[in-house]
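Asks: Each residue of the sequence shown is one higher than the one before, starting from 811 at the first, in our numbering. Cβ coordinates follow ideal geometry from the N, Cα and C atoms, glycine included. Would you mind keeping the following structure in view while I ask a few things?
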Amino acid sequence: MKKIVSILSTIFLLSATLSSCTDLEENPYSSIPSDEFFNNEEEFLMSAGRIYAYLVRYTCYRCIWGTISVSTDEAVSPLREGNQWVDDGVWRDMHAHTWNSQMQDLQTIWEFLFGGISLCNQILYEFDQSSVDFEAKPSLVAEVLVMRAWFYLNAMDLFGNVPFTTDFSDTSLPRQVDRKFLFSFIEQQIKDNVGLLQDVPTASNYGRVTKAMAYTTLAKLYINAQEWIGEAKWDETIAACDQVIGFGKLEIEPDYFTNFKVDNTSSKENIFVILYDKVYTSQNWWHVFRFHQLTLNSLSQQTYGILDFCWNGFAATESFYNKYDPKDIRRRQWLAGPQYDMSGNPLLMQNGEQLDYTPHITSLFDFSNPAKSNEGVRSAKYEYANGLQGECMDNDYVVYRYADVLMMKGEALVRQGHADLAVPLFNEVRRRTGLEDYKAADLTLDEIYDERGREFAWEGLRRQDMIRFGKWSEARDLKPAVSPAYTKLYPIPANIRKTNTNLKQNDGYTD
């Protein structure tokens, strides 16, 4: 049964009504008078649900997902023959780490994150103003508080020292705080509220914050602590992961691709997802989940019966694709080699040759020698529905999986010198891949880094992994230059600094 029922369908409709259709504003929702709306539990749930409806912006290719993915080795969108994907060089700059504070995509990300924080503050303010009380109200408040912590974690990760406010009624310019302050705030917010949440995803709370989601966020905070605040927190990482494991209700799906099916609500591995529905989330260009359009050559529409035009853009880099063993089942998430239509007939390009996705990509941004239309293997990780019509896929986007929890705990153990204890954790995930089990000697940090890439390709985790494993600045495939260390943070957008004069630019950048 599809996930959009009852309250959640109303939430999506409410989102479509209240949100802008042109940009990602910092305060995208007008205030709802508490004396007119907050009369019962269902109306409170609808109000809290606005934050989940807001999340659909995350996968927009000009928002967080596109930027953090193309900044890594797992994705690239080269200039292609016919001057396709020029886009003022934004994809070149993202992949080559030559961005600047004037780039609109970075401002879009900023506005998404701080729009989410503002919306959380607004919902909390509205809840506080209402005298209506009911048993589940503290749990709803806890959900919003953890979501605000999640937004702040992402802001801290991407931009470092950022503006901070928790008071929706305060109209003064927010002060800038450092990562240590934010780290402690996020940690305490989660610890203070996790006990009020339900344990794990169920049919009744699907797509919402649970204890499993909160502890996974806490594990993310701790595993990146050495980079973010200069203090290793491996014990804390393990403890947070153990909380998720201890529920005993999550498991590794035997079939890797169950997690990414068109209807992936049945996954027992997915901990937190962003809800998408081709009906309710197709009202706004920014709100759709369009991996099919981003990656597939238009000829591949005939493979799946896709009725909407595909853009022939995003692909994996050659070196990333080559990290997969040919026997690895996860390699099937990439379309490579000769392509066929639904009836098994070869797909023919304009020159009469069969469409053949090749791992090699000629260049990143060279008008004299652009990438060819068939270059780069394409993603088929998320199942493409036969006969898919429109820009929005029906799959839910996976933010957190149980596999990540096991592998974060395993990584922390290896970093403490306990590879023997990490072996069963990695093998619990690996056994569905068709590859041999790991032995303790196999679990070097380089191997863990590569294995995380193979497991979590295009799931928005690679940037953090590259930074944590010391790979971020390295030259690679279509990025020949070593990038400066300061690029581990994006610049605060220039227009934002003009608006809030309290903000100091990140080191290495100028406006």
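Taking the alpha-carbon of Tyr1150 as reference, which of Arg1262, Leu1109, Ser928, Lys1219 has the nearest alpha-carbon?
Replies: Your numbering for residue 1150 matches position 340 in the sequence shown. Minimum Cα distance to Tyr1150 is reached at Leu1109.
Asks: For Gly899, which residues from the same chain have a beta carbon less than 7 angstroms from its beta carbon, with the 5 sequence-adjacent residues on both sides left out?
Replies: Position 89 of the sequence shown, counting from 1, holds the residue named residue 899. Within the same chain, Gly899 has close Cβ partners Phe1175.
Asks: Touching or not, the region 1006–1014 and the region 984–996, by the rule of three or more beta carbon pairs under 8 angstroms?
Replies: no
Asks: Beta carbon of Asp1065, beta carbon of Asp1204: below 8 angstroms?
Replies: By 1-based counting over the sequence shown, the position of residue 1065 is 255. By 1-based counting over the sequence shown, the position of residue 1204 is 394. No, they are not a contact pair.
Asks: How many whole angstroms separate the CB atoms of Asp883 and Phe1130, which I take to be in contact at a CB cut-off of 8 angstroms?
Replies: Along the sequence shown, one-based indexing puts residue 883 at 73. Along the sequence shown, one-based indexing puts residue 1130 at 320. Contact holds; Cβ gap of about 5 angstroms.
Asks: Does the separation of the CB atoms of Ala1125 and Val886 fall below 8 angstroms?
Replies: Taking the first residue of the sequence shown as 1, we reach residue 1125 at position 315. Taking the first residue of the sequence shown as 1, we reach residue 886 at position 76. In terms of Cβ geometry, Ala1125 and Val886 form a close pair [threshold 8 angstroms].
Asks: Here's a check: name, in chain order, each residue in its chain whose Cβ is nearer than 8 angstroms to the Cβ of Thr1311, leaving out the five neighbours to either side.
Replies: Residue numbering aside, residue 1311 sits at position 501 when the sequence shown is read from its first letter. Once the five neighbours on either side are set aside, the close Cβ partners of Thr1311 are Leu983.
Asks: Does the beta-carbon distance from Ala858 to Glu953 come in below 8 angstroms?
Replies: Reading the sequence shown from its first residue, position 48 is the one you call residue 858. Reading the sequence shown from its first residue, position 143 is the one you call residue 953. In contact: Ala858 and Glu953 (Cβ atoms closer than 8 angstroms).
Asks: Taking Phe1099 as the reference, give the member of Cys1120, Ser994, Ile1081 with the closest Cα.
Replies: Position 289 of the sequence shown, counted from the start, is the residue given in the question as residue 1099. Ranking the options by Cα distance to Phe1099, first place goes to Cys1120.
Asks: I'd like the ranges of any alpha helix (DSSP H) spanning at least 4 consecutive residues and lying wholly in the region 1212–1275.
Replies: 1212–1225, 1229–1240, 1255–1265
Asks: Secondary structure at Val942, three-state DSSP: helix, strand or coil?
Replies: Residue 942 sits at position 132 when you count from the first residue of the sequence shown. For Val942, the secondary structure class from DSSP, reduced to helix, strand or coil, is coil.
Asks: On the premise that Met1023 lies in contact with Phe944, defined as a C-beta separation below 8 angstroms, what is that separation, rounded to the nearest angstrom?
Replies: Residue numbering aside, residue 944 sits at position 134 when the sequence shown is read from its first letter. Residue numbering aside, residue 1023 sits at position 213 when the sequence shown is read from its first letter. That belief does not hold up - the Cβ atoms of Phe944 and Met1023 are roughly 23 angstroms apart, past 8 angstroms.
Asks: Assign Met1218 to one of two classes, buried (16 or more other C-beta atoms within 10 Å of its C-beta) or exposed (fewer than that).
Replies: Position 408 of the sequence shown, counted from the start, is the residue given in the question as residue 1218. Classification of Met1218: buried, given that the 10 Å Cβ count is 16 or more.
Asks: I want to check one thing, is the minimum distance from the CB of Ile927 to the heavy atoms of the ligand COA below 7 angstroms?
Replies: The ligand COA is not among the ligands present in this structure, which contains no ligands whatsoever.
Asks: So, do the region 1207–1222 and the region 1264–1276 have three or more beta carbon pairs nearer to each other than 8 angstroms?
Replies: Contact between the region 1207–1222 and the region 1264–1276 is present, because at least three Cβ pairs lie under 8 angstroms.
Asks: In whole angstroms, what separates the C-alpha of Ile1302 from that of Gly926?
Replies: Taking the first residue of the sequence shown as 1, we reach residue 1302 at position 492. Taking the first residue of the sequence shown as 1, we reach residue 926 at position 116. Cα to Cα, Ile1302 sits roughly 17 angstroms from Gly926.
Asks: In the DSSP assignment, the alpha helix (DSSP H) including Arg1307 goes from what residue to what residue?
Replies: To locate residue 1307, count along the sequence shown from 1; it is residue 497. Segment 1304–1309, the alpha helix (DSSP H) holding Arg1307.
Asks: From Asp833 to Arg1273, what distance separates their C-alpha atoms?
Replies: Position 23 of the sequence shown, counted from the first residue, corresponds to residue 833. Position 463 of the sequence shown, counted from the first residue, corresponds to residue 1273. Because Asp833 carries a pLDDT of 38, less than 50, the predicted location of this residue cannot be relied on, and the following value inherits that uncertainty. In this model, Asp833 and Arg1273 are separated by some 25 angstroms (Cα to Cα).
Asks: If you compare alpha carbons, which of Tyr962, Phe848, Gln914 is closest to Cys930?
Replies: Translated into the one-based positions of the sequence shown, residue 930 becomes position 120. For Cys930, the nearest C-alpha among the options comes from Tyr962.
Asks: Only counting the same chain, and skipping five residues up and downstream in sequence, which positions put a Cβ closer than 8 angstroms to that of Ile1055?
Replies: Walking along the sequence shown from the start, residue 1055 turns up at place 245. Hits under 8 angstroms: Val1215, Leu1216, Lys1219.
Asks: Spatial neighbours of Ala1304 within its chain, please: CB distance less than 6 angstroms, with the 5 preceding and 5 following residues excluded, ordered by chain position.
Replies: Reading the sequence shown from its first residue, position 494 is the one you call residue 1304. For Ala1304, where only same-chain residues beyond five positions count, the Cβ hits under 6 angstroms are Ser911, Gln912, Asp1321.
Asks: Tell whether a beta-carbon distance below 8 angstroms holds between Tyr1300 and Gly1318.
Replies: Translated into positions along the sequence shown, residue 1300 becomes position 490. Translated into positions along the sequence shown, residue 1318 becomes position 508. Not closer than 8 angstroms, so no.
Asks: Run through DSSP, which three-state label would Pro1148 get?
Replies: If you number the sequence shown from 1, residue 1148 lands on position 338. In this structure, Pro1148 counts as strand in the three-state DSSP scheme.
Asks: Just tell me which of Tyr1032, Thr975, Lys1182, Pro1169 has its CA closest to the CA of Glu1163.
Replies: For this step, residue 1163 is matched to residue 353 along the sequence shown. Nearest C-alpha to Glu1163: Lys1182.
Asks: Express the C-alpha separation of Lys1030 and Asn971 in angstroms, rounding to a whole number.
Replies: For the purposes of this step, residue 971 is taken as residue 161 along the sequence shown, with counting starting at 1. For the purposes of this step, residue 1030 is taken as residue 220 along the sequence shown, with counting starting at 1. Near 18 angstroms, if we compare the C-alpha coordinates of Lys1030 and Asn971.
Asks: Please report the Cβ distance between Ile1323 and Glu1284, rounded to the nearest whole angstrom; I am assuming they are in contact, meaning their Cβ atoms lie under 8 angstroms.
Replies: Residue 1323 lies beyond the range of the chain shown here (811 to 1321); nothing can be said about it.
Asks: Which residue from Lys1289, Leu1313, Lys1314, Pro1294 puts its Cα closest to that of His905?
Replies: Working through the sequence shown from its first residue, we reach residue 905 at position 95. Among Lys1289, Leu1313, Lys1314, Pro1294, the Cα nearest to that of His905 belongs to Lys1289.
Asks: Using only the alpha-carbon positions, how far apart do Val951 and Phe1279 sit?
Replies: Sequence index remark: in the sequence shown, residue 951 carries index 141 (1-based). Sequence index remark: in the sequence shown, residue 1279 carries index 469 (1-based). Val951 and Phe1279 have their C-alpha atoms roughly 36 angstroms apart.
Asks: Are there 16 or more other CB atoms within 10 angstroms of the CB of Ser1178, so buried, or fewer, so exposed?
Replies: Counted from its first residue, the sequence shown places residue 1178 at position 368. So Ser1178 ends up on the exposed side.
Asks: Per DSSP, Lys1289 forms a beta bridge with which residues?
Replies: Walking along the sequence shown from the start, residue 1289 turns up at place 479. Bridge partners of Lys1289: Arg1286.
Asks: Rounding to the nearest angstrom, what Cα-Cα distance links Trp901 and Asp915 in this structure?
Replies: For this step, residue 901 is matched to residue 91 along the sequence shown. For this step, residue 915 is matched to residue 105 along the sequence shown. Cα-Cα distance, rounded: 10 angstroms.
Asks: Go ahead and pull the three-state DSSP assignment for Glu1041.
Replies: As a position in the sequence shown, residue 1041 is number 231, starting the count at 1. Correct three-state label for Glu1041: coil.
Asks: For Gly1197, collect the residues of the same chain with a Cβ closer than 6 angstroms to its Cβ; drop the 5 residues on either side in sequence, then sort them by chain order.
Replies: Taking the first residue of the sequence shown as 1, we reach residue 1197 at position 387. Excluding residues within five positions, the ones whose Cβ falls inside 6 angstroms are Gly1115.
Asks: If you reduce the DSSP assignment to three classes, tell me which class Arg958 lands in.
Replies: Here residue 958 is taken as the residue at index 148 of the sequence shown, counted from 1. Of the three classes helix, strand and coil, the one that applies to Arg958 here is helix, per DSSP.
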